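Taking the numbering used here, I'd label the letters of the sequence shown as residues 1036 to 1178.
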Amino acid sequence: MFGLICSLLAGLFMSVQGVFNTRLSEKIGLWETNTVVQGIGFALTLVIMIFIGKGNIRNISTANKLYLLGGPLGAAITFTVMCGMSKLGPTYAVSAILIAQLVSAALIEAFGLFDSNKSHFGMGKIIGAAIMLIGIIVFEWKR
């Protein structure tokens, strides 16, 4: 249940953050906004890590170096969300983002990429993604 609550909150936070970042970028620019929000996020997480972190940052040398690309991916995510929202609006952009996330997550699981547990990518997942796509088309249909 905790995982579901966290996932729902993540969706809420991502939508609100996308709108906030897009509005800020209208005033200061895309890369300037990206720098500011990533910097604030870094400062906040550094303080949280110092006071309540339970891991061991020294173990970073033992991690797969590929996973350090999470940082540049974060910058790319922030940039592309702002671009999408500014051109499409929040609802349409988030809908497209959700489909891309669902399909890419299903492929990661189907092939067991990045040390993920491999799971079957069956017709149910294909039909589910297709239904989401149809839902977005219907939701955004202009009369």
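Built from N, CA and C at the ideal position, the CB exists for glycine as well.
Since the structure is predicted, the reported quantities are computational estimates derived from the model, not experimental observations.
**Prompt:** On the three-state DSSP scale, how would you describe arginine 1178?
**Reply:** For the purposes of this step, residue 1178 is taken as the residue at position 143 of the sequence shown. Only weak support is given to the placement of arginine 1178: the predicted model assigns it a pLDDT of 48, under 50, and the question is left unresolved by the model.
**Request:** Assign methionine 1036 to buried or exposed, taking buried as 16 or more other Cβ atoms, counted over all protein chains shown, within 10 Å of its Cβ.
**Result:** On the sequence shown, position 1 is the one that residue 1036 refers to. Methionine 1036 is exposed by the Cβ-count criterion.
**Request:** Report the three-state DSSP secondary structure of asparagine 1099 (helix, strand or coil).
**Result:** Position 64 of the sequence shown, counted from the start, is the residue given in the question as residue 1099. Coil.
**Asked** Thinking C-beta only, is leucine 1142 closer than 8 Å to alanine 1164?
**Response** By 1-based counting over the sequence shown, the position of residue 1164 is 129. By 1-based counting over the sequence shown, the position of residue 1142 is 107. With contacts defined by Cβ atoms closer than 8 Å, alanine 1164 and leucine 1142 do not form a contacting pair.
**Prompt:** Using a Cβ-Cβ cut-off of 8 Å (strictly less than) and excluding sequence neighbours within five positions of histidine 1155, which residues of its own chain qualify?
**Reply:** Within the sequence shown, residue 1155 is the residue found at index 120, counting from 1. Same-chain partners within the cutoff: Ala1145.
**Message:** Using only the alpha-carbon positions, how far apart do serine 1060 and alanine 1098 sit?
**Reply:** Counting from one through the sequence shown, the residue named residue 1060 turns up at place 25. Counting from one through the sequence shown, the residue named residue 1098 turns up at place 63. Each residue's alpha carbon lies about 34 Å from the other.
**Item:** alpha helix (DSSP H) segment containing arginine 1058, residue limits
**Value:** Here residue 1058 corresponds to residue number 23 of the sequence shown, with the count starting at 1. Note, arginine 1058: alpha helix (DSSP H), 1037-1063.
**Item:** aspartate 1150 to proline 1107 span [Cα, whole Å]
**Value:** Along the sequence shown, one-based indexing puts residue 1150 at 115. Along the sequence shown, one-based indexing puts residue 1107 at 72. If I take the Cα positions, the gap works out to 20 Å.
**Assigned secondary structure, asparagine 1183 (DSSP; H/G/I helix, E/B strand, else coil)** = In the structure as shown, the chain begins at 1036 and stops at 1178. Residue 1183 is therefore absent and cannot be evaluated.
**Asked** In three-state DSSP terms, what is lysine 1153?
**Response** The residue you call residue 1153 lines up with position 118 of the sequence shown. Here lysine 1153 sits in coil by DSSP.
**Prompt:** Between which two residues does the alpha helix (DSSP H) carrying glycine 1147 extend?
**Reply:** Stepping through the sequence shown from its first residue, residue 1147 is reached at position 112. Run containing glycine 1147: none; DSSP gives neither H nor E here.
**Message:** Using only the alpha-carbon positions, how far apart do alanine 1111 and isoleucine 1063 sit?
**Reply:** Within the sequence shown, residue 1111 is the residue found at index 76, counting from 1. Within the sequence shown, residue 1063 is the residue found at index 28, counting from 1. Spanning the two alpha carbons is a distance of roughly 18 Å.
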